[in-house]
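Scroll down for the structure; my scribbles are underneath it.
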Amino acid sequence: MKMPYKANINDFLNHSGNLAFENDHHSNDEIDEDKDYENEESEENEEVEEIKDINKGGNLLLVSGRKRTKVTNDSADILLKKKRKLDNDLYKPPTAEELNQLRETENLFHSNLFRLQIDEMLNAVRLKDKYKNLFDIWFKKFKGTIESIKETEEYELSDEELGKKLNMHISKLNVPKVAKGIFKFLKPTDISIIGSYALEAAVGSNISVDIMIEMPAKMFQKQDYLNYRYIKKKMIYLAYIASNIADDIAESKRFMNDTLKPVLKIVPSGKLGTKINVLIHISAQEGSFRLSRFLPEKNNVRPQWFFGETKNIAENFVPTPHYNSIILHDLIIKIHAENMKVIREYPNIRDGIILLKIWLTQRELLKGYAAFNGHIITMLILYLLSIKKLNTFMSSYQIVRNVWNYLIHIDWCESGVSMNQNEESKDRILKYHEYYDCVFLDSTGYYNITTDLSKATYRWVQKEAELSLNHLDNAHANSFQSLFMRKVPFYMAFDHFIWFKDANMLRNLVNVNSSDKDKLDYGPNYRAQAIKILCNTLKEGLANRVHQICVLPNESSEWECTENNRDNIGKIFIGLELNPEYCFNIVDKGPEANLPEAIEFRNFWGEKSELRRFQDGTTREAVVWSKGKTLSGKRLICKKIVTFLLRKKLGILKKKFIYIASEMEELLQLQKVKITHFAYGTGEEAALRAINVFNQLEKDLMSLTDIPLSIHGVQGSSAVFRYTDVFPPLATVYQPDNQLIKKSKKGLTLSRNITAAPKYVCPLDVSLQLSTSGKWPDELEALRNTKAAFHIQIAECLRKQYKLTTEANFSHINVYKDGFVFRLRVAHSKEVSCLKQQITENGVIQYKDNEKSIELENKLFELPKLTSALHGLHNQQPSFGLACCLAKRWLSAQLLDNSHMPDIVVELLVASMYLIPAPYRPPQMPQIAFLRLLESFARGHWNTDPVIVNFNNEMSKDEIIAVETLFGSSRDSLPPLFISTPYDHQRSLWTKKAPSTLILNRITMLARQ
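Set out below in structure tokens:
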């Protein structure tokens, strides 16, 4: 019997497809003509490769790579004409089909390059025809084997010897003993290929082919849906099939998933097994049970049976929505397969599904328990077609883009959707929201396709879709690589991670903390219950400190057919995406003390809660997590909260889980030097102290009065001003002792009879810009003398006006202020011009870059500008500076110093990850940023891509294209690592000397390790 919900989708697609078929027919005619022409051309090319005149009775000897034949003069003329025709064809106008393809690219794709990349990738992931043919042969043999299995006698489900009687092993079902029911193997009513392979939308180097084997309705008794009877029969049925599959069909047979949803994984024998795995799914024939029996509010696991007569349950018939969905899935799997068949007729839709699967696979979201799997994607495409959000004329690119846009704006967690447009089905959505995190009803209106999908995972998919769409629309970046080619590992996509790997602890957690309702509903699915308990507790405690709390979908467990099933609880890996606005707050403010909510707050936090009076005059319940001494301590506040919640709320000790947040930051702490006057942490506080003193010095310099030209610009250029100095200089108090250091009116000087090295203080470089004047000399020597005079005068003014210790010399001024030494240099562009000046033999003045001019320009002008930009980036992304420090520390540990890989180059590479973070979000933790840099090093992409560091989007799209064009056309003449910024564009100032190709290859190799 055909149901109306099938017809709705089919009618729409068939109606939309009529024009598509007409267009396809027209296209095929053109393709056939082109093929005929190509065949003719190839035959001519085989005949004629080269023609030489040889006087042999007025004939020509045709010399080709394959044969030598004699032809007459007339024949030779014909061949020469054909050859000219072929040459002319190289320049003939584009055909109608080529014009259509160009027009399609313009209208339907992001760019021509994007279309080529998509086509190339799709060709790479498709299964070759020879393996399809091999599979067709294998499937016929397999189907014949299954159909030839003999039926058995009737056995009691409670028979403990059933496995021995049927000569097979039956996995244990971790539920109370099934007391009722009869099992008799009957031949399946259907064996068919379903899933992505049937739609020609399978992805991967090792493709999984889904085969459905349908149990006949005669196998089931009236109440087999109760108390796991159906699941028990399904397990036995699948085990019996597995025991009857011979070795010539299957090289290996293993069960996978878990006992509630068992799947038989087969590796076919022979060459086919290297490319294809076969997954056997058991379903129930349509009509075996009424679909309405499995509505989420129904109870199909009796509490008295599950808990025993001694257990007191408040409600006799509590809902079992997740148990119901397991059986319902098997009843409608064939209906879904029928609905999806229409997709095979539309290549663009199939390609769109493949692209979305690749996108999800790269983000570790496609496979595993509670993943956003391929079935959800395919059904979503069908739904969008039915409501006309998609149509069959769209390109694969447009389909992907529209799906992302839909996911961003539609929230299945708040307002679910239904493929069945009946009013009854739409009304049912609200009821389903009471039992499931996400609601997406299928065409029957009963089955929730997103039963296992958590709210956190859906939010994760939404954010990834939003991120991908934003990156796709970014005109300054090539988005294809980051969207489809680069992996986005879970451990680099979030900021903090919690890893639970003790299965016994998790099982005990469920037994103690899971409610009776959840135990009844989820049964032996301990993983789902453990995740629910952990995430709910963390969500309540962390509140607005995190944007997301996500769980990595675990890979399906596998076990031999002769073994009991593996524990499905596995390892639980939780990622926290921090909210930078609140994650580092040291105090959690609660409600005011006189409100009822204050009692709930105290009950939740226990002894950590205390009454505090705040500056706004209110008295509130509050929890203080840190004294706020260092920034490194604030980065671990979330860790303190999680550790407290797990210990106090769930009884999980610290040794039972691993928390990953800032382990590498220990390398930036001072180990042998003790700082008493302030908390050092990881050096950020020291850098702030130096910058604060510099800001005071800047005010002093700008207010000097007794100099001819006022100072209108003061820019620092040392790493500390960029927050990227691994160990920032510390303030030093030093008194002259007249043995090593003498103090005079002009400053501090070394004694003549020095016997030991004085204490070293790292100077901080600063460039000074003076107000404009036309009186600067044009000759280099005179200009430098003028600068030296300014150095002396500035030093004198600082001594007189602000009582600072200074020392002036020809090239710079040393200023000692509040324990720091600042090295000031007057910068004037005319000095660079003088260094560039050359006079030819003819007396013509030319200006050319040379080593000295480039070095001076970088030191006095380019580096200060870059320092200012990186300083601003750190203010926007506070993890930037420390990420650079970790990177430098790592390179130093590999014996690569500033001469091999300049510090400023490292900083620019890190900055590029923050400015164009795709496929990630900007990290809040330095450790994650460092790991992403290692991943960038490991890719070794410098030979194929320039690094563009576009501060504040100052470089336009045309300027970026110009850089990319230069890189593509002049790669051999450019540095091995090419970095373009808004300040040097096509010059790559900072990588001209280093790093070399050898060093880059070494770094790539080290990063891959």
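Using the numbering used here, the first residue of the sequence shown is number 553, and each one after it goes up by one.
We put the CB at the ideal spot given by N, CA and C, even for glycine.
Sequence-distant residues of the same chain with beta carbon closer than 6 angstroms to Y1211, five excluded per side | I1050 and K1191
Can you list the alpha helix (DSSP H) stretches of 4 or more residues lying completely in the region 674 to 709, in chain order?
-> 681 to 699
Let me know if L907 comes out buried or exposed under the rule of 16 or more other beta-carbons within 10 Å of its beta-carbon.
-> buried
Identify, in the order they occur along the chain, each residue of the same chain with its Cβ nearer than 8 angstroms to the Cβ of L1356, setting aside the five sequence neighbours on each side.
-> Cβ contact annotation for L1356 (same chain, cutoff 8 angstroms, sequence separation greater than five): D1252, L1350, V1367, Y1368 and K1369, in chain order.
Find out if the Cβ-Cβ distance for the pair Y1010, V969 is shorter than 8 angstroms.
-> no
Alpha-carbon spacing of V1266 relative to V1318, whole angstroms = 7 angstroms
Measuring CA to CA, which of E1333, K1224, A923 and F1372 is closest to T1284?
-> F1372
Taking the Cβ atom as the reference point for each residue, do I1126 and I1189 lie within a distance shorter than 8 angstroms?
-> no
Whose C-beta lies closer than 6 angstroms to the C-beta of L679 among residues of the same chain, with five residues either side of it excluded?
-> I759
Is the beta carbon of A798 sitting closer than 8 angstroms to the one on T872?
-> no
Exposed or buried, T1543, counting other C-beta atoms within 10 Å across all chains shown (16 or more means buried)?
-> By the 10 Å Cβ count, T1543 comes out buried.
Nearest neighbour of Y1134, chosen from F1166, R1097 and K1160 [CA to CA] = R1097
Taking the beta strand (DSSP E) that Q856 falls in, what are its first and last residues?
-> Run containing Q856: none in the beta strand (DSSP E); it sits in the alpha helix (DSSP H), P855 to F859.
Under a three-way DSSP split, which group does I1513 fall into?
-> In the three-state scheme derived from DSSP, where H, G and I count as helix and E and B as strand, I1513 is classed as helix.
Taking T1357 as part of the beta strand (DSSP E), name the residues at either end of that continuous run.
-> T1357 to A1360
Over the uninterrupted beta strand (DSSP E) stretch that includes S1067, give me the two end residues.
-> For S1067, there is no enclosing beta strand (DSSP E), as DSSP gives it neither H nor E.
Under the assumption that A791 contacts H721 (Cβ atoms under 8 angstroms), give the Cβ distance between them as a whole number of angstroms.
-> 7 angstroms
Bridge partners - L1130, DSSP secondary structure assignment | DSSP output for L1130 lists V1098 as bridge partner(s).
Coil, strand or helix - W1564 by DSSP | Since the displayed the chain opens at 553 and closes at 1561, residue 1564 lies outside it and no answer follows.
Hey, would you say Q914 sits closer than 8 angstroms to V1040, going by beta carbons?
-> yes
Which residue spans inside the region 737 to 823 form an unbroken alpha helix (DSSP H) run of at least 4?
-> Entirely contained in the region 737 to 823, the alpha helix (DSSP H) runs reaching 4 residues are, in chain order, 747 to 750 and 781 to 795.
Taking Q1223 as the reference, give the member of E1215, G1233 and S1214 with the closest Cα.
-> If we check each option's Cα against that of Q1223, G1233 comes out closest.
Where do the N-terminal and C-terminal ends of the alpha helix (DSSP H) with N1427 fall, by residue?
-> Start and end: L1415 to Q1428.
For the beta strand (DSSP E) that contains T1264, what are its first and last residues?
-> First, the residue type needs correcting, since residue 1264 is His and not Thr in the sequence shown. Counting along the chain, the beta strand (DSSP E) containing H1264 begins and ends at I1263 to G1268.
Going by CA-CA distance only, name the one from I745, W1111, F666 and V1062 that's closest to G1203.
-> Put simply, of I745, W1111, F666 and V1062 the residue whose alpha carbon is nearest the alpha carbon of G1203 is V1062.
Which of helix, strand or coil does DSSP assign to G609?
-> Residue placement at G609 cannot be trusted, given a pLDDT of 37 that sits under 50; the coordinates are not used to answer.
How far does the alpha helix (DSSP H) with N900 in it reach, from first residue to last?
-> P899 to Q914
Nearest-angstrom Cα separation, counted from N876 out to I1151 | 39 angstroms
Compute the Euclidean distance between the alpha carbons of K732 and Q856, then round it to the nearest angstrom.
-> 15 angstroms
Please go through the same chain and pick out, in chain order, the residues whose beta-carbon is closer than 6 angstroms to the beta-carbon of E595, but skip the five residues on each side of it.
-> Low confidence applies to E595: its pLDDT is 41, below 50, so where it sits in the model is not reliable, and the reading given next is rough at best. Result list for E595: empty, nothing under 6 angstroms.
Which partner residues does Y1286 have in the DSSP bridge list?
-> Looking at the DSSP assignment, Y1286 forms no beta bridge with any residue, so it has no partner.
Between T913 and the ligand COA, is the CB less than 7 angstroms from at least one heavy atom?
-> Only the bare structure without any ligand can be found here, which leaves the ligand COA out of the picture.
Whole-angstrom C-beta distance between R806 and C1113, which should lie under 8 angstroms | 7 angstroms
Taking the DSSP output, what are the residues bridged to Q1476?
-> The partner list for Q1476 (beta bridge, DSSP) is empty, contrary to what the question assumes.
Consult DSSP for K1327 and reduce its assignment to one of helix, strand or coil.
-> coil
Would you give the residue range spanned by the beta strand (DSSP E) that F1036 belongs to?
-> Neither: F1036 is in no beta strand (DSSP E) and is coded neither H nor E.
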